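All remarks here apply to the structure that follows.
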Amino acid sequence: MNEPVIYALDNGVATVTLNRPEVLNALDENLLAKLMLFISRAADDQAVRALVVTGAGRGFSAGADLGPANTDSGAVDVGERLRTRYHPLILAMRNMPKPIISAVNGVAAGAGMSIALAGDVVLAGSSALFLQAFTRIGLIPDAGSTYFLPRYVGEMRARALVMLAEKIPAADAERIGLVWKVLPDDELLPYAQQLAAHLAAMPTRAYALAKQALNASLGSDLGGQLETEARLQSEAGRTDDFREGVAAFRAKRAPEFKGH
Ligand code: T3D
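Residue numbers (our numbering): 196 to 455.
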């Protein structure tokens, strides 16, 4: 049996590839468990300073596995599976103290789309599609989709995406703010890894703190957010990388960041 998720580390960049291409990387228990394991590994490993999450084959992920093994058991409470499998994963991605690039190489449907949106920078191949598939099968959006969508695209578009459950082509996804950039399909992964390699050579601790500030932003008022920025900036201001950044600026040379 193939490994359902492949993990590779190269020069500070971890690439995590969903690997059930025969079912468009549908998410079953085994895949979700491995994905969580690798996301945790990347978070803990000091050698990892940026991540790319992508899919094998022609899909990114078709969402929850709808095969009998995953859905037919009367014992399966969907909400409980969300709590045990998806929530730790989505939170681990959002709280990951390093940047995550989602390289959406094909269809991203249902919870597969939620996982893509949990990345910090979402790139898409030109043939990628985004699909809030949930209501097509009588479910509601989950794994963070109702959190991310209104924040990324605004409430009107979020509601239309959810209610209409249409396939959104990559170019439209970019236009409405679901995606940062669309690349030709064959350039997507090389570009994502190149971008990740650039991020891996930058001040990693500052990215971790910036993510904390952004995560706090939409639940805060201005005064609260200014205080969050000040608190996190105190920490950034004590890093070796801040000292190096300023020294390099003054010496008119390229900085050599170490990530701490
Ligand atoms: O319980 C929980 O885990 C809670 C969480 C729920 C969150 C969710 O994600 S709910 C949403 C689940 N996903 C979907 O409803 C999407 C289902 N798939 C599709 O609608 C279509 O496959 C796509 C639009 C994504 C792609 O269409 P297309 O025409 O490009 O491909 P296809 O022919 O439909 O699929 C290719 C194969 O993948 C096919 O297998 P076959 O016929 O070649 O043997 C298909 O059955 C399989 N496949 C696609 N999606 C899934 C799947 N197998 C299992 N689960 C899937 N989600």
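The beta carbon of each residue, even a glycine, is placed where N, CA and C say it ideally should be.
Just so it is clear, the structure is predicted and the values come from calculations on it, not from any experiment.
- Message: On the DSSP letters alone, give me the boundaries of the alpha helix (DSSP H) that T341 sits inside.
- Response: S340 to V348
- Query: Excluding five sequence neighbours on each side, which residues of the same chain lie with their C-beta closer than 7 Å to the C-beta of S412?
  - Reply: Q420
- Alpha carbon to alpha carbon, what distance is there between Q241 and L356? 38 Å
- Within the region 278-336, ranges of the beta strand (DSSP E) (whole runs, at least 3 residues): 295-299, 302-304, 316-320 and 324-326
- Identify the continuous alpha helix (DSSP H) that holds G207 and give its terminal residues. It is not in any alpha helix (DSSP H) - G207 carries neither H nor E in the DSSP assignment.
- Item | For R253, the nearest candidate out of P345, V247, R215 and V208 (CA to CA) | R215
- Message: Please identify the residue among A209, D337 and R438 whose C-alpha is closest to the C-alpha of I285.
- Response: Checked all of A209, D337 and R438; the closest Cα to I285 is D337.
- Task: Let me know the secondary structure DSSP gives G254 once reduced to three states.
- Result: Residue state for G254 is assigned as strand, using DSSP reduced to three classes.
- To the nearest angstrom, how far is it from the Cα of R445 to the Cα of N197? 52 Å
- On the three-state DSSP scale, how would you describe K376? Note: K376 maps to strand in three-state DSSP.
- Buried or exposed (CB count within 10 angstroms, at least 16 for buried), V374: buried
- Message: Just to confirm my understanding: we take A408, look at its own chain, exclude 5 residues before and 5 after, and list those with CB closer than 7 Å. What are they?
- Response: Within the same chain, A408 has close Cβ partners T423, E424 and L427.
- Is any heavy atom in the ligand T3D found nearer than 7 Å to the beta carbon of A328? yes
- 8 Å Cβ cutoff met for N300 and L383: yes
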